[in-house]
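Asks: Attaching a single structure in structure tokens format; questions to follow.
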Amino acid sequence: MYQPLRPSRSEMIPLRTLRAHVRLWGEPASGRVPLVLVHGWMDVSASWQFVVDALAQEHFIVAPDWRGYGLTEATPVDSYCFADYLGDLDFLLDHYAGDQPVNLVGHSMGGNVAMMYAGVRPARIRRLVNLEGFGSPEHRPEEAPGRYARWMDELKQFHRGEMGLAPYDSADGVARRLMRTNRRLPQDKADWLAREWAHETPRADGTTEWRIRGDAAHKTIFAQAMRVDEVLALYRGITAPVLAVEASDDSLSQWWKGRYTLEDYHQRLREIADCSVARIEDAGHMLQHDQPLAVAQAIERFIA
Numbered sequence: 001m002y003q004p005l006r007p008s009r010s011e012m013i014p015l016r017t018l019r020a021h022v023r024l025w026g027e028p029a030s031g032r033v034p035l036v037l038v039h040g041w042m043d044v045s046a047s048w049q050f051v052v053d054a055l056a057q058e059h060f061i062v063a064p065d066w067r068g069y070g071l072t073e074a075t076p077v078d079s080y081c082f083a084d085y086l087g088d089l090d091f092l093l094d095h096y097a098g099d100q101p102v103n104l105v106g107h108s109m110g111g112n113v114a115m116m117y118a119g120v121r122p123a124r125i126r127r128l129v130n131l132e133g134f135g136s137p138e139h140r141p142e143e144a145p146g147r148y149a150r151w152m153d154e155l156k157q158f159h160r161g162e163m164g165l166a167p168y169d170s171a172d173g174v175a176r177r178l179m180r181t182n183r184r185l186p187q188d189k190a191d192w193l194a195r196e197w198a199h200e201t202p203r204a205d206g207t208t209e210w211r212i213r214g215d216a217a218h219k220t221i222f223a224q225a226m227r228v229d230e231v232l233a234l235y236r237g238i239t240a241p242v243l244a245v246e247a248s249d250d251s252l253s254q255w256w257k258g259r260y261t262l263e264d265y266h267q268r269l270r271e272i273a274d275c276s277v278a279r280i281e282d283a284g285h286m287l288q289h290d291q292p293l294a295v296a297q298a299i300e301r302f303i304a
């Protein structure tokens, strides 16, 4: 099994109305800019371990589990609101950085949160690295009735117990699932991640099963679609230099089948005052797992 070179330590902190789990590496020091790493949908803060191990320099690193993921408390709701992630990040930076600007790295959903947050609180971000946080396609107003109907239907599915996350018989089963989802993930890393991504719980018959550390309510769609015009207004508010990192596998073409493309995404990035684009070869959407050294090098070059 993979053995971390830089083991993390954990803290539980009050964050708005809940207790949040935060993973830390390194120590704060004078002149050392905090490096804040925020994970994506249905992921956990431990997902950054391989990148942290590949960093050449020592950093003070702060990586939260978003609400309802990992060891952070779930909100007692049946669906989540995207704006809460921005609020959570704001309180997190209050706790660990105070008035000091941070270097912020976000993956996927975390990248979307990071980009939007940087447009709202530009003075708090020194540099921003967005790993495949593409945002979503343009949603037409006439799609709204169907979207709200789907949201309400999914709420009912959730309350009928139909949105649950399937358990696994063993940690090996979780690892196999991770490797099916990501063909580049090696066995040793999958075995390690499985024990961070899921936990063992007892069954009524005396056996055990492994359950994903994620709230099933996250599977319910957001009731309100993201408005691209608002997102672009936030992009225009970003003052920090931005590095948008893409994997060589074109995730957008796989997900949206031409409805939203890399060209569309690059057009949006032009709204940012200082933005460059980098590409990680031989990598898919989980590029922090596929090529942690290349990702670590890209981050350190950019924040130097």
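Counting from 1, one number per residue, gives the positions in the sequence shown under the UniProt record's numbering.
Using N, Cα and C, we set each Cβ at its ideal position, and we do this for glycine too.
Keep in mind it's a predicted model, so treat the numbers as computed, not measured.
1. Please name the residue in G258, L55 and D78 whose C-alpha comes closest to that of L293.
2. Throw me the rounded Cβ distance for the F158 and D78 pair, which I believe falls under 8 angstroms.
3. Given 8 angstroms as the limit, is there contact between the segment 277-289 and the segment 148-166, that is, 3 or more CB pairs closer than that?
4. For residue 305 and G206, what's the separation of their Cα atoms in angstroms?
5. Starting from T208, trace the beta strand (DSSP E) in both directions and tell me its first and last residue.
6. Does the separation of the CB atoms of W25 and S45 fall below 8 angstroms?
7. Within the same chain, show all residues whose beta-carbon is closer than 6 angstroms to that of T239, passing over the 5 residues directly before and after it, in chain order.
8. Helix, strand or coil, according to DSSP, for A278 in the structure here?
9. What is the rounded straight-line gap between the Cα of V62 and the Cα of V36?
10. Among H266, E142 and T220, whose alpha-carbon lies nearest the alpha-carbon of R160?
11. Between the beta-carbon of A198 and the beta-carbon of R211, is there less than 8 angstroms?
12. Between which two residues does the beta strand (DSSP E) containing S251 stretch?
13. Take S108 as the anchor and find which of R16, I303, A247 and F302 has the nearest alpha-carbon.
14. Does the separation of the CB atoms of V52 and R6 fall below 8 angstroms?
15. Are the CB atoms of G68 and residue 308 within a distance shorter than 8 angstroms?
16. Drop a sphere of 10 angstroms on the beta-carbon of W255, count the other beta-carbons inside from all chains shown, and report buried for 16 or more, exposed for fewer.
17. Between the beta-carbon of F60 and the beta-carbon of P28, is there less than 8 angstroms?
18. Distance, Cα to Cα, V129 vs A204?
19. The beta strand (DSSP E) that contains residue 305, what's its start and end?
20. In the DSSP assignment, what are the bridge partners of P14?
21. Please report the residue range of the beta strand (DSSP E) in which L104 lies.
22. Which residue wins for smallest C-alpha separation from P4, given the options R270, R236, Y260 and E196?
23. Cα separation between D88 and T261?
24. Using DSSP bridges, identify the partner residues of W41.
25. Please classify A83: does DSSP put it in a helix, a strand, or coil?
26. Apart from the five residues just before and just after P167, which ones in its own chain have a Cβ nearer than 7 angstroms to its Cβ?
27. Can the beta-carbon of P145 be found less than 8 angstroms from the beta-carbon of R259?
28. Which two residues bound the contiguous alpha helix (DSSP H) that contains T181?
29. Which residues mark the beginning and the end of the beta strand (DSSP E) in which L243 is found?
30. Just curious, the beta strand (DSSP E) that V129 is in, first and last residue?
31. So G111 and E132 are in contact, right, with Cβ under 8 angstroms, and what is the actual spacing, rounded?
Replies: The structure says:
1. L55
2. 5 angstroms
3. Verdict: no, contact absent.
4. Nothing about residue 305 can be reported from this structure: the residues present for the chain run from 1 to 304 only.
5. Per DSSP, T208 belongs to the beta strand (DSSP E) from T208 to I212.
6. no
7. P122
8. Of the three classes helix, strand and coil, the one that applies to A278 here is strand, per DSSP.
9. The alpha-carbon separation between V62 and V36 amounts to approximately 5 angstroms.
10. T220
11. Pairing A198 with R211 gives a Cβ-Cβ distance under 8 angstroms.
12. Run containing S251: none in the beta strand (DSSP E); it sits in the alpha helix (DSSP H), S251 to W256.
13. A247
14. yes
15. Any question about residue 308 goes unanswered here, given that the chain covers just 1 to 304.
16. exposed
17. yes
18. 45 angstroms
19. In the structure as shown, the chain starts at 1 and stops at 304, and residue 305 therefore has no counterpart that could be examined.
20. DSSP lists R19 as the beta-bridge partner residues of P14.
21. V102 to H107
22. E196
23. 30 angstroms
24. Partner(s): none; W41 has no beta bridge.
25. helix
26. Cβ within range, chain order: E209, W210 and R211.
27. no
28. Here the alpha helix (DSSP H) through T181 covers A171 to T181.
29. V242 to A247
30. I125 to L131
31. 6 angstroms between Cβ atoms; contact.
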